[in-house]
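Below you'll find the structure, written out as structure tokens, and then a few comments.
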């Protein structure tokens, strides 16, 4: 008879901070007290805030401790599980942004939701990612059951369309619209592809979902498949995400055993199978057409568009390619309806958004906030403010569509449309917060170096342009560049943005262009007299 | 109006560009009605006059310290500088050595060549040290007009000079814009 | 297909649906610069030279990939497109060693042409590149990576036209390189040296070893003729200068091969090492001695008169020569036949053309080695396999096609193939002289569902067939007249006749036995016709003159006929 479950956070950050030792200490202590048969111990997802890891969650009470050291683990067993006393001094800090119980943020001012709003992360760090029972106990597969038994595929698609859900991979394309393109195709075979090749520098939002709540992605894919008439789904996962892959594969096995995936799901006659395909370390394969090429066993380079994947996708057939975060949004939308979803976020960009927050702030980690809150709120409230002695200089939103956001834009609502109006973008969801001592030229150099390394080499502006930009930035950093060199750098950056084949090449010059736009004097200060 | 003053100099080059200039044949008579050649590698005066010239013409790339100095001198003393020929424009045939370390190039050239017996790398204070890499004139000083070709044809050279005499900046296109021997 | 109307540079243009903007512009006489695009290859869109402005589109579009649509408004030459094109050229010139002055392609280089067209009179970008290797491990052509602009035309040619999949790209970004197989030297790779990549290379990266520095486009002569190396009959574009054969290219818009050639069509004839017969030879005192045509032909005519005679032709010459040969033999009342065997008739099925192989969904190869002897047909089979066709090989010896075959069985198991093919829609049976009777019988149930392509082992077998020449073995007659042309002969061929006349281009074991040897022209030294596998009569053009004492077989045979009448 199991009377309690202990989950030690088992994400890579926790493991690097000693989670394995904590778990061993807990197990040893349980044996010592003869509790091994009535209390089970496992790894769970992380709670997303790095500084409080590793955490130890104890159920059914739902008490969360963190950060926990091995000696603390033993102490928790003795006090909490043997003697039945909560160890107050080891409790997760009350501002640690964990689901429900611990949010103690300032009350929202009118029209704003300050408290971290957990839709996507509500189970992350709370449920055992290895347990489908846990997922089901937290409303899992309810949306799928509801859709299959009470809704037509078109109705499912319409709910998603009406919810206003936009793709979370960076471009913000309306998800329902994308689905309708595929649904309208006559081909018998269609595919759902989940883009889990999260490789943007500093981005780890998808990983937290995959590690902490893998079934949510599977359920979202099955719903997408039902809506557009696809019976097969693929998850293209970043090769380095070993833990995510292991948990996904386990989740798929469990779901098939339970009959919520596979043939004739829940007796509805609808069949949906999901496979996992691991990438091999190329950033470009996160670009959806390069991803499809890679899945087909070819060199991962972007395809000519049009035709788009909705027409000519995997194996030349209509394919929905959605990001992990996008798909994880689908079950709650189907379960709670479009109207509910629109209560979150802004009118133009409903819902919540995940940000991986890094840099010169007090609290780093993953946050889930309503669309449309400002960068200032993120920094001051969720990230606990700037580190002592630092003032905000700029933020870099991550990845292929990211940009530099200067202090002047601190109060712009963070949603797709508002950012676009300012010539900036949300990017992949990474927020690198830079203090005043950050060197913009060095920052641009680091980012361009990444793009140069990851360019696939197909088109000239990206392949050679990134090399030339890096060369010019290096000359600037070394102090050899003259005004003409800087002018040429700006020219190359502008042309490369205009002329590159895909989003990677178009994004590579953005650190230079937005750096020059907001911090030109820093570039000029490096010029040779 | 007095004659337009022109100075020429050859740097790391084969003299072919100057030969090609002479290929303008009888047009040279017309040319010198308007032009005074103050200095050139073919005449007694080798350096452009200190008071300066209207047009400086450089052929050849920059391969040693002397050539760098010559290029700087010509730039300083010319109102308008022409890089004439592939070597002056792109660095030319001598850039083949850019793929090897300078010592290796010297060793190969002066010691290892099959026809050399008891060779040695020449060293003397009068000999200018080689630059690491051969470059075009435009890589070391600002250039106003580039005329590529190995050599540029007499017609191309004539085109550039007559356009300048007519007070226009020459535009290179069609038969007068050719690389290598493609114009011939 | 429907008509589409669009506006290009303020001009109304009508085109067909499915055309790209590039094609529509070209049909309207507007040239848009390209580098990675090649009309014989799939669109790639990578060099960005062909960018155009399209009204209503946020960004510049590549004309080579953008489908033309109704009402589209396109501007092909604007300040912005010019700037982008010049930018691309500047980048390419900065990427690797593109010094034209020591490149053999200077004058014929697409990169250089574009640089001229965009007024690139000097380079402004730093050139931090390193020296790249030169791969000279292949016999006929060289890869100089320093000149490569990574347009991937060669990769696409290897993949799409030759279907050989040797070439690919390795590494990424600035480290990207053209690579053979898993990065082995080209000479050690799976390359079949068809040379298609060489023909599509826009720069001096792929260099033909023979014609390099041999002459620029403005210096050379092009002559179109027909390949005489096998029965397929590909069109050739032969490039010459100063009476010297420089290079052979494929002709893109020709049937059946569409520009694809093989090593035997493109390269090997230019590297011929056999000793040429350039004057008539008559055996005197046991030794072949140079003589005049009058003496040689007089001797042959005198010997033929009143003698029994067998004529044997290698089908390696023109229809005209073969017909004259058959006519002469008939006039003499002798036997006439061909040296090479023919593929047997099946008794069922309908004839296929070479192009039908490309559309087949099931290809049966029986008793034939197309990858050895009719290579273009072999490459077509590879292409069909790439498109999803099932390839089944029937035979009792090793076949190079086995690598790509789904099924490979011995003749005795041919029934298995018949069963596997039963449900296929377009079955093409490619066979040749090696097909066994039991295979013919086993495939019979497929009946007229089978389109068959009988590969003639001779170069102009169809021409011989038209002349009524059937396979014969040498018999004991007074005189044997052997029309050999350029065909090599097996050392083992023994001709028992008392007097042997050999009409040939090269010295061989057969000329060693001959009493009279008459020189013949080579494929590029003659005119006339050959009949291809598809039954099409194609003409040969005189590319270069033959040596003074070499006469066409048909001329010689006519002279001989006249001598015999007198």
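Chains as they are written, first to last, in the working numbering: chain U, 19 to 547; chain F, 16 to 199; chain R, 51 to 616. Beta carbons: idealized from backbone N, C-alpha and C, even for Gly. Given the structure is predicted, the values throughout are model-derived calculations rather than measurements.
Under DSSP, no beta-bridge partner is assigned to residue 272 of chain U. Using a CB distance cut-off of 7 Å, residue 150 of chain R counts as an interface residue toward chain F. Collapsing the DSSP output to three states places residue 558 of chain R in coil. For the segment 128 to 154 of chain F, the set of positions with a beta-carbon nearer than 8 Å to some beta-carbon of chain R reads 151, 153 in chain order. Those residues of the segment 150 to 170 of chain R placed with their C-beta closer than 7 Å to a C-beta in chain F are 150, 151, 152, 156, 157, 162, 166, 169, ordered along the chain. Around the beta-carbon of residue 360 of chain R, 16 or more other beta-carbon atoms lie within 10 Å, marking it buried.
In terms of beta-carbon proximity, residue 172 of chain R lines the interface with chain F, with at least one pair separated by less than 7 Å. Contact check for residue 593 of chain R against residue 574 of chain R passes: the beta carbons are separated by less than 7 Å. For residue 58 of chain R, the enclosing beta strand (DSSP E) begins and ends at 53 to 58.
Close CB contacts of residue 24 of chain F within its chain, under the 6 Å cut and outside five residues either way in sequence, are with 73, 85, 89 (chain order).
Taking the beta carbon of residue 181 of chain R as reference, the chain F residues within 9 Å of it are 113, 114, 115, listed in sequence order. By the Cβ neighbour-count rule, residue 527 of chain U is buried, with 16 or more other Cβ atoms within 10 Å of its own. Separation of the CB atoms of residue 341 of chain U and residue 185 of chain U is rounded to 6 Å, and the pair is thereby assigned contact status at 8 Å. By the neighbour-count definition (other C-beta atoms within 10 Å, threshold 16), residue 455 of chain U is an exposed residue. Classified as exposed, residue 104 of chain U has fewer than 16 neighbouring CB atoms from the shown chains inside 10 Å of its CB. Between residue 255 of chain R and residue 198 of chain R a beta carbon distance of about 4 Å is seen, short of the 8 Å cut, so the two are scored as contacting. Assignment of residue 508 of chain R by DSSP, reduced to helix, strand and coil, places it in the coil class.
Beta-bridge partners assigned by DSSP to residue 186 of chain F: none are found. Beta-bridge pairing by DSSP links residue 62 of chain R to R/57. In terms of beta-carbon proximity, residue 223 of chain R lines the interface with chain U, with at least one pair separated by less than 7 Å. For residue 221 of chain R, the CB contacts under 7 Å within the same chain, skipping 5 residues up- and downstream, are 227 in chain order. The segment 225 to 236 of chain U makes no contact with the segment 327 to 335 of chain U, as fewer than three CB pairs between them are under 8 Å. Shown here for residue 371 of chain R: same chain residues with a beta carbon closer than 6 Å to its own, the five before and five after excluded, namely 603, 604 in chain order.
Judged by DSSP in its simplified three-state form, residue 375 of chain R adopts helix.
Secondary structure note for residue 222 of chain R: it is in no beta strand (DSSP E), with a DSSP letter that is neither H nor E.
The Cβ atoms of residue 149 of chain F and residue 78 of chain F sit closer than 7 Å to each other. Take residue 251 of chain R, set aside five residues on each side of it, and the residues of its chain with a beta-carbon closer than 7 Å to its own are 203, 204, in chain order. For residue 477 of chain U, the three-state secondary structure derived from DSSP is coil. Chain U places no beta carbon closer than 7 Å to that of residue 603 of chain R, leaving this residue out of the contacts. Interface residue (Cβ-Cβ distance to chain R less than 7 Å): residue 479 of chain U is classified as such.
Distance from the CA atom of residue 158 of chain R to the CA atom of residue 263 of chain R, rounded to whole angstroms, is 11 Å. Interface residue (Cβ-Cβ distance to chain R less than 7 Å): residue 187 of chain F is classified as such.
Residue 463 of chain U carries a helical assignment under DSSP once its states are collapsed to helix, strand and coil.
Per DSSP, reduced to three states, the secondary structure at residue 244 of chain U is helical.
Among the bridge pairs identified by DSSP, residue 22 of chain U is matched with U/57. Residue environment analysis places residue 233 of chain R among the exposed positions, since fewer than 16 neighbouring C-beta atoms fall within 10 angstroms of its C-beta.
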